[in-house]
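Trainee:
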Amino acid sequence: MKRKIVSVWEVNQYVSRLIEEDYTLSDLWLQGEVSNCKYHHSGHVYFTIKDARASLQSVMFERDARRLSFRLEEGMKIYARVRITIYEKTGAYQAYVFDIEKQGKGLLYERFERLKAQLAQEGLFDEDLKKPIPRFPKNVGIITSQTGAAVRDIIQVARRRNPGIPLTIYPTHVQGEYAVAEIVEALRVANEEKRVDVIILGRGGGSIEDLWAFNEEAVARAIAASHIPVVSAVGHEVDFTISDFVSDKRAATPSAAAELVVPSQEEWMEMVLNYKHTLSIRMEAKTGAARRQLEYLMSRPVFAKKDLFYKTKMQTIDDYSYKLSHAYERLLGVHQKRYEIAVHNLERLSPLSTLKRGYSLVSKEEYLVKSVKEVTPGDIVEITVTDGQFKAKVCMKE
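Numbering (our numbering), first residue to last: 4 to 401.
1) Distance, Cα to Cα, Asn-39 vs Ile-52?
2) Checking 9 Å against the spacing of the C-beta atoms, do Val-199 and Pro-140 come in under that value?
3) What did DSSP end up calling Glu-24 once you bin it into helix, strand or coil?
4) Is it buried or exposed for Ala-193, if we count other Cβ within 10 angstroms and need 16 for buried?
5) Give me whichever residues DSSP pairs with Gly-205 in a beta bridge.
6) Less than 9 Å between the C-beta atoms of Val-275 and Val-222, yes or no?
7) Hey, how far is the Cα of Met-63 from the Cα of Tyr-99?
8) Could I get the ranges of all uninterrupted alpha helix (DSSP H) runs contained in the stretch 75–100, with 4 residues as the minimum, in chain order?
9) Around the C-beta of Glu-219, are 16 or more other C-beta atoms found within 10 angstroms, so that it is buried, or is it exposed?
10) Report yes if the C-beta distance between Val-264 and Ile-172 is below 9 Å; otherwise report no.
11) Among residues of its own chain, excluding the 5 on either side of Glu-24, which ones have a beta-carbon nearer than 6 Å to its beta-carbon?
12) From Ile-72 to Asp-251, what does the alpha carbon distance come to, in whole angstroms?
13) What would DSSP say about Gly-126, mapped onto helix, strand or coil?
14) Whether or not the stretch 223–238 and the stretch 118–138 are in contact is what I'm after, with contact meaning three or more pairs of Cβ atoms, one per stretch, closer than 8 Å; do they touch?
15) Going by C-alpha distance, which of Asp-322, Gln-34, Ala-261, Gln-296 is nearest Arg-138?
16) Got a sec: does the ligand NAP put a non-hydrogen atom nearer than 8 Å to the Cβ of Tyr-42?
17) Measuring CA to CA, which of Glu-369, His-230, Ser-363 is closest to Pro-135?
18) Under three-state DSSP, which class holds Leu-335?
19) Within the same chain, show all residues whose beta-carbon is closer than 8 Å to that of Ser-19, passing over the 5 residues directly before and after it, in chain order.
20) So what does DSSP say about Val-37, is it helix, strand or coil?
21) To test your reading of the DSSP string, which unbroken alpha helix (DSSP H) runs of 4 or more residues are found completely within the stretch 172–223?
22) Can you find the residues in the same chain that come closer than 8 Å, C-beta to C-beta, to Asp-382, ignoring five residues on each side of it along the sequence?
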């Protein structure tokens, strides 16, 4: 029998044509995990798509790779649109990858990172926008499911720490199609009512899909717009959501949020007692210091011999009083003498004194007549003598 001898190259070409002609293998989506991923300097990406039982060598050429909005990483779970071919040089079949989508968490994680970067760029995460959490809230608001474990944990912790602080619950869905709208509405109502001083927003743990309502842009913007401080308490300590970044404070769990927001009655009572004890000690110290200072002052000679001190001061006062009285009398005598001299001089110069010696004053229309030229016959003049006045008529003048 004649043998048909072919080259390895011919076999690989034949198998390659068979694969290329297969309709199913020309365009299909593979599900798997990225392994041994290498970015070549040419821009091509070489990696392996594997699952629990098999693996497939893959290549994504530069023109397709540059359309990706993310970078392939080890362990990333993907959906890859491929065409199966054979690399004729080695005879190994491989997948030419045209497009890639992240599986489940990968897609959500990409959306999470995109929104996080956008809001951070807008400044919604800035520390200077964070409102302080009140130390002594009069009323605490809780936005969560009214049937979940989170609300029970918050109520239990709050009642244990301080049963005197009322809790106002705004019940909402925390996952599913109604969650986002109800959370946004609850934040609006709480701000409109102005009943509470701080809001705890949260839910218990879950998958990223379960927590996704707290990664939505509408919820993030409602938190940022709240005039009431918001404490985010979503999931467990390892879970992070957009709400955690935009809220005024993040708590690891709903229970931790209650611990943070509700002041402990016992702790504050103990603190008040400590302050009271410290104040008492300081007051005793100040009183003791003041008492010692007073005792020191009382021991000084001025106080030890206070009777003698007072007598000496009284005698000094008497001396000053005598000197003041004597000086007053002397000064009064001097001024009395000056007064009498002044009165005598005035009397001596007074026209009345002249009248007493037999003289009189003649006036015409309130003016003194000093010359016969100032009157004419027929004028009425007024004559003043020592004991009165009378009028006369000028008959003639010489």
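Just so you know, even glycine gets a beta-carbon here, dropped at the ideal spot from N, CA and C.
All values derive from a computational prediction rather than experimental measurement.
Mentor: Taking the definition as stated:
1) Position 36 of the sequence shown, counted from the first residue, corresponds to residue 39. Position 49 of the sequence shown, counted from the first residue, corresponds to residue 52. Going by the C-alpha atoms only, they are around 9 Å apart.
2) For the purposes of this step, residue 199 is taken as the residue at position 196 of the sequence shown. For the purposes of this step, residue 140 is taken as the residue at position 137 of the sequence shown. Yes.
3) On the sequence shown, residue 24 is found 21 positions in, with the first residue counted as 1. Here Glu-24 sits in coil by DSSP.
4) Start at 1 with the first residue of the sequence shown, and residue 193 comes out as number 190. Classification for Ala-193: buried.
5) Indexing the sequence shown from 1 puts residue 205 at position 202. DSSP output for Gly-205 lists Ala-236 as bridge partner(s).
6) Position 272 of the sequence shown, counting from 1, holds the residue named residue 275. Position 219 of the sequence shown, counting from 1, holds the residue named residue 222. No, they are not a contact pair.
7) Indexing the sequence shown from 1 puts residue 63 at position 60. Indexing the sequence shown from 1 puts residue 99 at position 96. Looking at the two C-alpha atoms, the distance is approximately 6 Å.
8) Within the stretch 75–100, no run of alpha helix (DSSP H) reaches 4 residues while sitting entirely inside it.
9) As a first step, residue 219 is located in the sequence shown; it is residue number 216 there, counting from the start. Only buried fits Glu-219, as 16 or more other CB atoms lie within 10 angstroms of its CB.
10) One-based indexing of the sequence shown puts residue 264 at position 261. One-based indexing of the sequence shown puts residue 172 at position 169. No, the Cβ-Cβ distance between Val-264 and Ile-172 is not below 9 Å.
11) As a position in the sequence shown, residue 24 is number 21, starting the count at 1. Taken in chain order, the list of residues that qualify is empty.
12) For the purposes of this step, residue 72 is identified with residue 69 of the sequence shown, where counting begins at 1. For the purposes of this step, residue 251 is identified with residue 248 of the sequence shown, where counting begins at 1. In the sequence under discussion, the amino acid at residue 72 is Ser, which differs from the Ile named in the question. Taken atom to atom, the span from the alpha-carbon of Ser-72 to that of Asp-251 is near 31 Å.
13) Reading the sequence shown from its first residue, position 123 is the one you call residue 126. Note: Gly-126 maps to coil in three-state DSSP.
14) yes
15) Position 135 of the sequence shown, counting from 1, holds the residue named residue 138. Closest by alpha carbon: Ala-261.
16) As presented, the structure is devoid of all ligands, the ligand NAP included, so that no description of it is given.
17) Position 132 of the sequence shown holds residue 135. Ranking the options by Cα distance to Pro-135, first place goes to His-230.
18) On the sequence shown, position 332 is the one that residue 335 refers to. The answer is helix: DSSP assigns Leu-335 an H, G or I state.
19) The residue you call residue 19 lines up with position 16 of the sequence shown. Hits under 8 Å: Thr-88, Ile-89, Glu-91.
20) By 1-based counting over the sequence shown, the position of residue 37 is 34. Three-state DSSP puts Val-37 in a strand.
21) 182–196
22) Within the sequence shown, residue 382 is the residue found at index 379, counting from 1. Lys-367, Lys-396, Val-397.
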